[in-house]
Amino acid sequence: MITLQNVGKAYDLGDVKVHALKNLSLTIDRGEYIAVMGPSGSGKSTLMHIVGILDSITSGRYMLEDYDITNLPDKEQARIRNKHFGFIFQSFNLFSELSALENVMLPMSYAGVAYKARKERASALLEEVGLTSRMYHLPTMMSGGEQQRVAIARALSNEPDLILADEPTGNLPSDKGEEIMRILEGFNTRGVTIVMVTHNPEQGKRAKRRLYIKDGELQRDELNGAFSLEKIDA
Amino acid sequence: MRDESGKIIVRRFWNRTLESLLLILAVAMGVGAAASGLSLIANIGSYSKETLASPAYREIIVSTQNNASDMADPVILKPTQDNVVLTVKDLDAATMVPQVAYAYISNQTELRFINQAEAEREANMVRDGFGGPPPEEAPATVIGSDTAEPAAGTNAGTQVAATTTAGTRIAATAGTATASTDNQSTEANNAAPPQRFGLSSAELEVAAADASIIIGQQENLAGYRVTPQFFDAWSMKAGTGSLFTASDLVGTQSIVVLGSQAASVLAGEGNDPATLVGKKILARQGYQTVVGILQDTGRAIYDEAYFTPYRSGSAGFMGGPPMRSMNTQLRFSVADPETLTETAAGLTEWFDSQYGEGQIVVSNPRAETERLMARNTGIGLLILFLSLAGLFIASVNVSNILMGRGLRMRKNVGILMALGASRVAIIQLFAKEALAISAAGSFLGALLALPLSTSMRNALGISGGSWWYLPVGIAAAWIPTIIFSLMPARQNSMIDPAQAMRVA
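Quick mapping for you: the protein sequence lines, in order, are chains H and X. Going left to right, the first sequence walks through residues 1 to 234 as the numbering used here numbers them. Going left to right, the second sequence walks through residues 1001 to 1504 as the numbering used here numbers them.
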């Protein structure tokens, strides 16, 4: 589904040039459940942003299916983000002005879904994550776990091909984190591709594939409980 | 609103009520002041143009010093000679000054009607013992409709008895109430004791039955004693009948030309004013035969007035020197206002040579009015500058506050882009907020501008203009607020989503 070929990302800070990603190649197939692991500042989030087309690459190629999307215009990038990707953030990033239902409806409005249809789908998704009774509550009236469940429902609203979760349980107590993990894994079993950044080794072990990144380089790419598929050294 | 991203903006707006209201108020004050300033300067320009386009500002007024009190700038530098008298003959000065297009006299006067109300008032005065002898005791002159010549003022106090075509004797008092403002009529009025008797009710009924007699229902009618070139100078044309000619100045028949509105009033509602031509108006000054009705001039003071020939002559008794009562102001009109100063110099030279230096006041009303207009324009420009400066400051502040609001939404912009919002969608989102604020502010500003603009116009004595100056001013003032409001929207859409979320 996604192929990154020799991708590099450098930030120009005037005198210094910081290489967040170096010559990274990677393929993500449909239905995968990938954990991206590594120390802080290793480039995990940068990789997530590049995969989610929130950030541009400074070298290499990014192929989505058979299309090179490296230099797509902004409007097309926005359409791909909206239709093909769902984002889940550590700090939930819900809009405090909108109810849970409206937060879930929001991405569908950019997809041009009619009000009634998006309201019905948002209700169904919230029901699926166990928030039927909290639909009209504002995020500020909800617990962290509930907010993250709303975020998951929002990420799934446009039936994306890929969910990018950046430390989805990082701000949650362990029991709530477990709840979120189960929901994500449930969607994965139904065919949704998941790429998750995590610091938690236990959560990493539950993924079907693990990517270890250090200093902007892919150190290891391994399948769960098995062997290293490849080792790419700079 | 069914658009979720729009709801975010609307709810943020109400969550920050004070800040939002201050934004609207800033726009309102800026737009209100600028719209008023723009409207004022447009009105000043329009008013100046309209005013100076009047024939009144294409003429020079020449007067003796003791008859110059109503002139704009009568500076008396020399001792006054009381025996200087300007008469109609002095209009000949026009032939010596080539820039003069028309030379004429125009003095105010008044026609007092004899009607039922007047008759009742007279009867009451007789009963109460005021006034002179009753009509039957007064000496009466029998005149036909073509014999009376009660030139206003000069025959004040003379009782005229008129015989209608039906042979009815009608007594009319001439001149007692003439209110012409020239010296001649004033002095004449002072000279004669007031005669208070007109027609009896019975005689009035007989007159009313005569189709050739017009009985005005109002008390009086303002008018002008003019020489023929007055009509040319003011581009007045007869709609029905004819105007005066030079020969009418020396005639004996009392004739009048009616302004269009005056004719309509005299004809009465639903009647054709044209039928008045040839009829006689029953007035204290005697019968006044209507010889013409003017086309509408667009100037109420003339449309609602009547005009009668100026017949004071140029020589005194038995061809002697003119009497002081003949003294009048003279008006010399030019085709090109640019030549007014030159014309004034030429006329001054001519009159100085005739009457002695400084004895005659030559006034140029246009010069004074132009000074007034220039002063108004200066004040208007100052107000415009200050109001535009206010608008600019308000717009910059609004822009800064909106930029601040956008920066506070930096994280949200990143999230919206992650969820599928394009940069255009982000611009639209902020633009809607900016437009809503500037529209609400402009509406409020328009409400402020209405009284502000009116009071500024009143303070400067500006009238006329056009109603659409203010809406155009509001629209023009709105444009910079929109531009300044939209700039943050564009800037906010340029936020890098990855960086925005990293900050978050």
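Note that beta-carbon positions come from the ideal geometry of N, C-alpha and C, so glycine has one too.
Coarse secondary structure for residue i, derived from DSSP in three states
i	result
residue 136 of chain H	coil
residue 1055 of chain X	helix
residue 1351 of chain X	helix
residue 1190 of chain X	The pLDDT assigned to residue 1190 of chain X is 43, lower than 50, so where the model puts this residue is not dependable; a value taken from the coordinates is nonetheless given after this. If DSSP states are grouped into helix, strand and coil, residue 1190 of chain X belongs with the helices.
residue 1098 of chain X	coil
residue 214 of chain H	strand
residue 1214 of chain X	strand
residue 1170 of chain X	Confidence is the limiting factor: at residue 1170 of chain X the pLDDT is only 41, short of 50, which leaves the residue's position unreliable, though a coordinate-based value still follows. Of the three classes helix, strand and coil, the one that applies to residue 1170 of chain X here is strand, per DSSP.
residue 1296 of chain X	coil
residue 1369 of chain X	helix
residue 20 of chain H	strand
residue 1046 of chain X	helix
residue 1243 of chain X	coil
residue 1466 of chain X	coil
residue 1010 of chain X	helix
residue 220 of chain H	strand
residue 74 of chain H	helix
residue 13 of chain H	strand
residue 1483 of chain X	helix
residue 25 of chain H	strand
residue 1500 of chain X	helix
residue 1238 of chain X	strand
Cβ separation of residue i and residue j, assumed to be a contact under 8 Å, to the nearest whole Å
i	j	result
residue 105 of chain H	residue 122 of chain H	5 Å
residue 1500 of chain X	residue 49 of chain H	Going by Cβ atoms, the distance from residue 1500 of chain X to residue 49 of chain H rounds to 11 Å, so no, they are not a contact pair.
residue 1086 of chain X	residue 1330 of chain X	6 Å
residue 1254 of chain X	residue 1298 of chain X	In fact, because the Cβ distance is near 28 Å, the residues do not count as touching under 8 Å.
Contact with chain H by residue i, beta-carbon distance below 9 Å
i	result
residue 1497 of chain X	yes
residue 1019 of chain X	no
residue 1432 of chain X	no
residue 1405 of chain X	no
residue 1015 of chain X	yes
residue 1050 of chain X	no
residue 1002 of chain X	yes
residue 1438 of chain X	no
residue 1408 of chain X	no
residue 1012 of chain X	yes
residue 1501 of chain X	yes
residue 1401 of chain X	no
residue 1005 of chain X	yes
Sheet register partners of residue i (DSSP bridge)
i	result
residue 1108 of chain X	X/1224
residue 37 of chain H	H/212
residue 165 of chain H	H/88, H/196
residue 8 of chain H	H/59
residue 1283 of chain X	X/1113
residue 1334 of chain X	X/1100
residue 1309 of chain X	X/1226
residue 1361 of chain X	X/1063
residue 1255 of chain X	X/1289
residue 2 of chain H	H/28, H/64
Cβ of residue i within 9 Å of any chain X Cβ
i	result
residue 102 of chain H	yes
residue 81 of chain H	yes
residue 137 of chain H	no
residue 124 of chain H	no
residue 93 of chain H	yes
residue 107 of chain H	yes
residue 46 of chain H	yes
residue 60 of chain H	no
residue 54 of chain H	yes
residue 67 of chain H	no
residue 75 of chain H	yes
residue 199 of chain H	no
residue 167 of chain H	no
residue 97 of chain H	yes
residue 10 of chain H	no
residue 111 of chain H	yes
Minimum Cβ-Cβ distance from residue i to chain A less than 9 Å
i	result
residue 78 of chain H	In the structure shown, chain A cannot be found, because the protein chains are H and X.
**OP:** Could you name the residues of the segment 1411–1431 of chain X whose beta carbon sits closer than 9 Å to any beta carbon of chain H, in the order they occur along the chain?
**Re:** 1411, 1412, 1414, 1415, 1416, 1417, 1418, 1419, 1420, 1421, 1422, 1423, 1424, 1425
**OP:** Would you list, in chain order, the members of the segment 180–196 of chain H that have their beta-carbon closer than 7 Å to a beta-carbon of chain X?
**Re:** none
Original post:
For the segment 12–36 of chain H, which residues have a CB atom closer than 7 Å to at least one CB atom of chain X, in sequence order?
Top reply: none
**OP:** Could you list the residues in the segment 145–160 of chain H with a C-beta less than 7 Å from some C-beta on chain X, going in chain order?
**Re:** none
Original post:
Given a limit of 7 Å on CB to CB distance, which residues of the segment 1469–1494 of chain X reach chain H?
Top reply: none
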